[in-house]
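Report on the structure given below.
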Amino acid sequence: MATKLTPKELAKNVERLTPGHRLCAGCGASIIVRQMLAAIDEPVVIANATGCLEVATTIYPYTAWRVPWIHNAFENAASTISGVEAAYRSMVRQGKIPEQNIKFLAFGGDGGTYDIGLQALSGAVERGHQFLYVCYDNGAYMNTGIQRSSATPLGAHTTTSPAGKVVPGKQQHRKDLTAIMAAHNIPYVAQAAPSKWRDLMEKTRKAVNCGGAAFMNVLSSCNRGWRHNTDETIEITQLAVDCCYWPLFEVENGEWRLSYTPKEKRPVEDWLKRQGRFRHLFRPENRYLIDVMQKEVDRRWEHLLRLCGAA
Amino acid sequence: MSTFEALAGNEAVATAMRQIDPDVVAAYPITPQTSTVQKFADFVADGLVTTEFVTVESEHSAMSACVGASAAGARVMTATAANGLALMWEIVYIAASSRLPIVMSLVNRALSGPINIHCDHSDVMGMRDAGWIILFSENGQEAYDNLIQAVRIAEHPDVLLPVAVCQDGFITSHGMERVEIYDDADVKAFVGSYQPQWSLLDLQNPMTYGPLDFYDYYYEHKRQQVAAMEKAPEVILAVAAAFNRQFNRDYGMFESYRLGDAEVAVVVANSAAGTAKVVVDQLREEGLKVGLLKPRVFRPFPAQEMSAALRHVKAVAVMDRAISFGAMNNAGPLFLEIAAALALHGERMPIADYVFGLGGRDILPGEIESVYRDMFRAAESGRVEQMVTYLSVRE
Numbered sequence: 001m002a003t004k005l006t007p008k009e010l011a012k013n014v015e016r017l018t019p020g021h022r023l024c025a026g027c028g029a030s031i032i033v034r035q036m037l038a039a040i041d042e043p044v045v046i047a048n049a050t051g052c053l054e055v056a057t058t059i060y061p062y063t064a065w066r067v068p069w070i071h072n073a074f075e076n077a078a079s080t081i082s083g084v085e086a087a088y089r090s091m092v093r094q095g096k097i098p099e100q101n102i103k104f105l106a107f108g109g110d111g112g113t114y115d116i117g118l119q120a121l122s123g124a125v126e127r128g129h130q131f132l133y134v135c136y137d138n139g140a141y142m143n144t145g146i147q148r149s150s151a152t153p154l155g156a157h158t159t160t161s162p163a164g165k166v167v168p169g170k171q172q173h174r175k176d177l178t179a180i181m182a183a184h185n186i187p188y189v190a191q192a193a194p195s196k197w198r199d200l201m202e203k204t205r206k207a208v209n210c211g212g213a214a215f216m217n218v219l220s221s222c223n224r225g226w227r228h229n230t231d232e233t234i235e236i237t238q239l240a241v242d243c244c245y246w247p248l249f250e251v252e253n254g255e256w257r258l259s260y261t262p263k264e265k266r267p268v269e270d271w272l273k274r275q276g277r278f279r280h281l282f283r284p285e286n287r288y289l290i291d292v293m294q295k296e297v298d299r300r301w302e303h304l305l306r307l308c309g310a311a
Numbered sequence: 001m002s003t004f005e006a007l008a009g010n011e012a013v014a015t016a017m018r019q020i021d022p023d024v025v026a027a028y029p030i031t032p033q034t035s036t037v038q039k040f041a042d043f044v045a046d047g048l049v050t051t052e053f054v055t056v057e058s059e060h061s062a063m064s065a066c067v068g069a070s071a072a073g074a075r076v077m078t079a080t081a082a083n084g085l086a087l088m089w090e091i092v093y094i095a096a097s098s099r100l101p102i103v104m105s106l107v108n109r110a111l112s113g114p115i116n117i118h119c120d121h122s123d124v125m126g127m128r129d130a131g132w133i134i135l136f137s138e139n140g141q142e143a144y145d146n147l148i149q150a151v152r153i154a155e156h157p158d159v160l161l162p163v164a165v166c167q168d169g170f171i172t173s174h175g176m177e178r179v180e181i182y183d184d185a186d187v188k189a190f191v192g193s194y195q196p197q198w199s200l201l202d203l204q205n206p207m208t209y210g211p212l213d214f215y216d217y218y219y220e221h222k223r224q225q226v227a228a229m230e231k232a233p234e235v236i237l238a239v240a241a242a243f244n245r246q247f248n249r250d251y252g253m254f255e256s257y258r259l260g261d262a263e264v265a266v267v268v269a270n271s272a273a274g275t276a277k278v279v280v281d282q283l284r285e286e287g288l289k290v291g292l293l294k295p296r297v298f299r300p301f302p303a304q305e306m307s308a309a310l311r312h313v314k315a316v317a318v319m320d321r322a323i324s325f326g327a328m329n330n331a332g333p334l335f336l337e338i339a340a341a342l343a344l345h346g347e348r349m350p351i352a353d354y355v356f357g358l359g360g361r362d363i364l365p366g367e368i369e370s371v372y373r374d375m376f377r378a379a380e381s382g383r384v385e386q387m388v389t390y391l392s393v394r395e
């Protein structure tokens, strides 16, 4: 029997990512990792792209991981875990090691996934390795000091898309990585957020049991980059969900399904105004960008509703 | 029973891979290595190996998957050339520093640019500081023999370093030659089974591979890589001795050909050494005392042994199939290393560098003969006429 997804039952399990790691207070990544690993009862082996999660959890000679874990480089978490998984399958098939129902996971930030690691991810899922790739998307290269990535929202201030006198922050919309991964026609793709923890955990279970390659894109607030208080992580994450900037859905064997519909679709402005990285957008000369962003969020949301047969 | 077969170098390497039957091969096709992975794919398709063949989308992912698979305790091999190796670069270093005994067949090809698919050694010379053991092979037989030995060298508990086995692109990789293929069972017995000491799949003892390593430990880990390199020669020679007992082929750190009483010597690696042997024999018939030193183990570099083997000659020519741009006199990497080795071991004979064969340009016996004749003049005058000569180039 799988552990019931209740706080009381889940609290009985040993934490796989231990306290004492050096991630910032209020970091979304550690919340996501703990929720996801708590959802998996089977043994796990993890590959981690270079990034905050990697550097803050394994400063030699310490490690915060109670499970097997490998970091190789920035852009190759997917190809690294594909090698681990291939080794496992090969040696089980030859009878060299026992079958242990291991779940293989890779964690990477949006820099390591949307950008530099996209090719390796595409290749690994196309080859059909049985693993779950998790992108914890905090919308910039936070580890190196908040540089823009292709996941950075329009208008956001980052250190390589600064809000200046002439250019008001990032000039492009976010790449839709979840849809790109769905286009690979792998068994399971989902978008999730730690503010809806049960949804995140249920999706994790589906992903690791889908019988093939799976991908999850999980919104991960970074209060250093987003500029909000450390105790507002979950609240601001949920605002992103409720304004439909970050809809929660899954694509199971090609079938798109919305897993959460906000009771009231909030204006995107409600999410933006809580974060310092968008502060400049509220100056009169930049307010048009909020409208542009709202239009794009609406357009993508309507498109998603059509894909999910919910329009 | 061994058999004699007519095989191209790549086929000989693929045959060794079939016999070794690694747990995982992750590779990407690139000229002139491609026929190796094609042949190996045939073995997989026909059920002749139990290998999990990971057909990656790039060489970067090939080496990345090799690192993952090797950390998981698998015996792992790959094959590449030139730009493919260059794309792997970042992970080539990580493989060595993670002490993962990956074996690579490297088919030497000119690095771009301009793009060129033919032989030279610019690819391997770029990885000389990466922490891999590097073996050169004169022909298909040596590529085959070296690959089999590489598995045992890499996996030896005192070493645990990746090994690259080089052969010359097209000249060896596609040149069909008579190759002795040993009995499958004998090769399997020789390589034995790999017993990983630190497997990522050991769930009872969870490992953390590749942590962040700061100024308080990084330096010590680099020093440990040096210690492994220091132990490698002993292991390389012990594996060679075992190989000789089993298969009756003698390998050392390098080969000395008619060098014992030679007055002048040429040092040249890989396929050009075969051509040089013909020239040595011809000149010997004229009564000229010429010899050849053919490097086999390039990393770790046997400086002291090479200096001792060359001590008695009156002039040395090193032939380089690569250039170290901007290095001393724009010489080749092999020359720089041998010149330093001779000087530091107190040898003061004239020494010259001959760059040749870049981008696959043929090296002809007559050109090698001219190098020997230059060396006789240098031996007589006590000095070389030119430190670095670019053979058969249009100036």
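If you're matching them up, the sequences are chains R and B in order.
Per my numbering: the first sequence = residues 1 to 311.
Per my numbering: the second sequence = residues 1 to 395.
For every residue, glycine included, the Cβ atom is placed at its ideal position computed from N, Cα and C.
Buried or exposed: where does residue i fall if 16 or more other Cβ atoms within 10 Å of its Cβ makes it buried?
| i | result |
| --- | --- |
| R:MET181 | buried |
| B:TYR215 | exposed |
| B:PRO157 | exposed |
| R:MET36 | buried |
| B:MET17 | buried |
| B:GLY260 | exposed |
| B:GLY68 | buried |
| R:ASN138 | buried |
| R:ALA183 | exposed |
| R:LYS265 | exposed |
| B:SER112 | exposed |
Between which residues of its own chain and residue i is the CB-CB distance below 8 Å, once the five residues before and five after are set aside?
| i | result |
| --- | --- |
| R:GLU75 | ALA49, GLY112, ILE116, GLY117, GLN119 and ALA120 |
| B:GLU90 | HIS60 |
| B:PRO367 | Residue 367 of chain B is actually Glu in this sequence, not Pro. These residues qualify, in order along the chain: PHE356, LEU391 and SER392. |
| R:LEU258 | PRO247, LEU248, PHE249, LEU304, LEU305, CYS308 and ALA310 |
| B:ALA81 | ILE30, THR31, PRO32, GLN33, LEU106, VAL107, ASN108, ARG109, ASP123 and GLY169 |
Quick one: what's got a C-beta closer than 6 Å to residue i's C-beta in the same chain, skipping five residues either side?
| i | result |
| --- | --- |
| R:ALA179 | none |
| R:SER82 | ALA124 and HIS129 |
| R:ASN101 | GLU42 |
| B:MET244 | Before going on, a small fix: residue 244 of chain B reads as Asn here, not Met. Cβ within range, chain order: ASP250. |
Does any residue of chain R have a CB that is nearer than 9 Å to the CB of residue i?
| i | result |
| --- | --- |
| B:ASP23 | yes |
| B:ASP46 | no |
| B:ALA16 | no |
| B:ASP184 | no |
| B:MET127 | no |
Could you work out which residue in the options is closest to residue i when comparing CA atoms only?
| i | options | result |
| --- | --- | --- |
| R:ALA207 | R:ALA87, R:LEU219, R:CYS24 and R:ILE40 | R:ILE40 |
| R:GLY51 | R:TYR60, R:VAL33 and R:GLY109 | R:GLY109 |
| R:SER161 | R:ASP270, R:THR58 and R:PHE278 | R:PHE278 |
| B:ARG284 | B:ALA238, B:ALA265 and B:ILE91 | B:ALA265 |
| R:LEU23 | R:GLY309, R:SER220 and R:GLU255 | R:SER220 |
| B:LEU344 | B:ARG311, B:PRO233 and B:ALA72 | B:ARG311 |
| B:ALA62 | R:PRO61, R:ARG66 and R:SER79 | R:SER79 |
| B:ALA143 | B:ALA269, B:ARG361 and B:ASP202 | B:ALA269 |
| R:HIS157 | R:GLN294, R:ALA2, R:ALA38 and R:LEU272 | R:LEU272 |
| B:VAL37 | B:VAL49, B:ASN10 and B:GLU52 | B:ASN10 |
| R:LYS175 | R:GLY145, R:HIS228 and R:VAL297 | R:VAL297 |
| B:PHE301 | B:GLU263, B:ASP213, B:LEU292 and B:PRO333 | B:PRO333 |
| B:MET319 | B:ALA309, B:GLU305 and B:LYS294 | B:LYS294 |
| R:PRO262 | R:LYS196, R:GLU99 and R:ASN229 | R:LYS196 |
Can you find a CB in chain B that lies within less than 9 Å of the CB of residue i?
| i | result |
| --- | --- |
| R:TRP256 | no |
| R:ARG34 | no |
| R:LYS96 | yes |
| R:GLY123 | yes |
| R:VAL14 | no |
| R:VAL45 | yes |
| R:TYR62 | yes |
Among the residues of its own chain, which have a CB less than 7 Å from the CB of residue i, if the five just before and after it don't count?
| i | result |
| --- | --- |
| B:ILE388 | Checking the sequence, you will find Val at residue 388 of chain B rather than Ile. The residues are ASN329, ASN330, ALA331, ASP353 and VAL355. |
| B:GLY131 | TYR93, ALA96, SER97, LEU161 and GLN225 |
| B:ALA327 | LEU336 |
Exercise. At a Cβ cut of 7 Å, what residues of the region 79-109 of chain B count as close to chain R, listed as they run along the chain?
Worked result: GLU90, ILE91 and ILE94
Exercise. When you check each C-beta in the region 71-92 of chain R against every C-beta of chain B, which residues fall closer than 7 Å?
Worked result: HIS71, ASN72, ALA73, ASN76, SER79, THR80, ILE81, SER82, GLY83, VAL84, ALA86, ALA87, TYR88, ARG89, SER90 and MET91
Problem set entry | Contact list for the region 147-173 of chain R against chain B, Cβ threshold 8 Å | none
For this session: Check distances from the C-beta atoms of the region 238-251 of chain R to those of chain B and list, in chain order, the residues that come in under 8 Å.
Result: none
Exercise. In chain order, what residues of the region 98-110 of chain R put their CB closer than 8 Å to some CB of chain B?
Worked result: GLN100 and ILE102
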